[in-house]
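S.K.: Here's a structure for you.
Numbering (our numbering), first residue to last: 5 to 341.
Have a look at this one:
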């Protein structure tokens, strides 16, 4: 019992080898288990498509109230005139969602002063047009923000799976965490009525998403869940079909299994799992904080995907505990479990 209590305690400890290739070590562990149990390893299943971020829907945002040319020319003396001028250029009409969002935020930021100026001039009709245009943009702001942030190519790139994990997550840093946190703060502020925005800052933050490791995190967690389930199948098959200790005493096979678990699972795989858990804990909270203010406008397929994603990421601790329990069951008849 002491031996396996120690093993469970080791689940909380990080390893020393930060350059090791976790997936290769996990594969080696499975092969060793197959050899020592004498059971055939089941085929590995590919990453399921339902765990890939859904493609952004090709939907157009409803148009806000527009300002015609005569009204535009009547806005002399208003900073808002420059905003409308940029919007009405060919570049403005074909701008990316992120740039359209920034124009909307600037419009809402500048509109009150312009409306007040027009009322002072006695141009109540145009002031009312601007007021309605500002209200329209405010009502569309959650959708505009969604399209710019969570439906944009940068977010798609963040969740893109790499072809190989290599030494992940060793090569990661805190930059993407800071960028996610800042994007979440900005989004919450905009939706809360604080519309100040820096074009440069916002575009740089979105650019940071392109080199983020959401896809790598998902792939790593899927490999762990899949391969530890395969390991459990080996151990259960051995327990039922070819017990390691048929007479209730340790055998060469049970001692070999102990060595494989200690050397390859505890000594090699588990340190990688701890690093994955630490990376998940660092990334998951700012991801959820970024999504939360936009919950009311998230597409149903995105909500379904996010639920599956969260379940995969959160369940890893239970996956590891289940594997340890399976090892214990396999050795229970050996008098050393």
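We put the CB at the ideal spot given by N, CA and C, even for glycine.
The structure presented is a predicted model; accordingly, all values stated were derived computationally and were not measured.
Straight-line CA distance for residue 263 to residue 40?
M.R.: 10 Å
S.K.: Taking the alpha helix (DSSP H) that residue 151 belongs to, which residues open and close that run?
M.R.: Here the alpha helix (DSSP H) through residue 151 covers 128 to 153.
S.K.: Considering only C-alpha positions, which residue in the set 288, 132, 261 is nearest to residue 333?
M.R.: 261
S.K.: Nearest to residue 305 by alpha carbon, out of 24, 35, 61?
M.R.: 61
S.K.: What whole-angstrom Cβ distance do residue 219 and residue 166 have, given they're in contact under 8 Å?
M.R.: 6 Å
S.K.: Just the C-alpha distance for residue 29 and residue 330, rounded to the nearest angstrom, thanks.
M.R.: Approximately 20 Å, taken between the alpha carbons.
S.K.: Does residue 260 get closer than 9 Å to chain B when you measure Cβ to Cβ?
M.R.: The structure shown contains no chain B, having only a single protein chain.
S.K.: Determine, using beta carbons only, whether residue 157 and residue 204 come nearer to each other than 9 Å.
M.R.: no
S.K.: By how many angstroms is the C-alpha of residue 284 removed from the C-alpha of residue 317?
M.R.: 7 Å
S.K.: Do residue 269 and residue 327 have their C-beta atoms within less than 9 Å of each other?
M.R.: Inclusion of residue 269 and residue 327 in the CB contact set at 9 Å is warranted, their separation being smaller than that value.
S.K.: Check whether the stretch 47 to 57 touches the stretch 186 to 206, counting contact only when three or more Cβ pairs, one atom from each stretch, lie closer than 8 Å.
M.R.: no
S.K.: How would you write the range of the alpha helix (DSSP H) that residue 188 sits in, first residue to last?
M.R.: 179 to 195
S.K.: Name the residue from 78, 98, 93, 102 whose alpha carbon lies nearest to the alpha carbon of residue 208.
M.R.: 102
S.K.: Indicate whether residue 281 and residue 321 have their beta-carbon atoms separated by less than 9 Å.
M.R.: In this structure, residue 321 lies closer than 9 Å to residue 281 by Cβ.
S.K.: Mind the definition here: the stretch 182 to 196 touches the stretch 288 to 299 only if three or more C-beta pairs lie below 8 Å; say whether that holds.
M.R.: Because the criterion of three Cβ pairs below 8 Å is met, the stretch 182 to 196 and the stretch 288 to 299 touch.
S.K.: Give the DSSP-derived three-state secondary structure of residue 118 in the structure shown.
M.R.: Three-state DSSP puts residue 118 in a helix.
S.K.: Please report the straight-line C-alpha distance between residue 253 and residue 336, rounded to a whole angstrom.
M.R.: 10 Å
S.K.: Consult DSSP for residue 1 and reduce its assignment to one of helix, strand or coil.
M.R.: In the structure as shown, the chain starts at 5 and stops at 341, and residue 1 therefore has no counterpart that could be examined.
S.K.: Could you check what DSSP says for residue 321 in three-state terms: helix, strand or coil?
M.R.: When secondary structure is reduced to three states using DSSP, residue 321 falls in the helix class.
S.K.: Would you report the Cα separation of residue 226 and residue 104, rounded to the nearest angstrom?
M.R.: 37 Å
S.K.: Closest to residue 48 by CA distance: which of 232, 149, 266 is it?
M.R.: 232
S.K.: Which residue comes first and which comes last in the alpha helix (DSSP H) that contains residue 3?
M.R.: The question about residue 3 has no answer here: the residues shown for the chain are numbered 5 through 341.
S.K.: Can you name the start and end residues of the alpha helix (DSSP H) that residue 162 belongs to?
M.R.: 157 to 162
S.K.: Taking all protein chains shown into account, do 16 or more other C-beta atoms lie within 10 angstroms of the C-beta of residue 273, making it buried, or fewer, making it exposed?
M.R.: buried
S.K.: Measuring only the C-alpha atoms, how far is residue 26 from residue 239?
M.R.: Distance between the alpha carbons of residue 26 and residue 239 is about 21 Å.
S.K.: Measuring only the C-alpha atoms, how far is residue 242 from residue 44?
M.R.: Whole-angstrom Cα-Cα distance: 10 Å.
S.K.: So what does DSSP say about residue 74, is it helix, strand or coil?
M.R.: Note that residue 74 has pLDDT 47, beneath the 50 cutoff, so the model's placement of it is unreliable and no number is given.
S.K.: Which residue wins for smallest C-alpha separation from residue 173, given the options 266, 50, 217, 338?
M.R.: 217
S.K.: Under 8 Å Cβ to Cβ from residue 150, same chain only, skipping five residues before and after it: list those, please.
M.R.: Answer for residue 150: 298, 301, 302, listed in chain order.
S.K.: Is residue 114 closer than 9 Å to residue 122 when the C-beta atoms are compared?
M.R.: no
S.K.: Quick check for students: name the residue ranges of the alpha helix (DSSP H) that lie wholly in the stretch 262 to 341, counting only runs of 4 or more.
M.R.: 274 to 295, 304 to 318, 320 to 335
S.K.: With DSSP collapsed to three states, give me the class of residue 33.
M.R.: Judged by DSSP in its simplified three-state form, residue 33 adopts helix.
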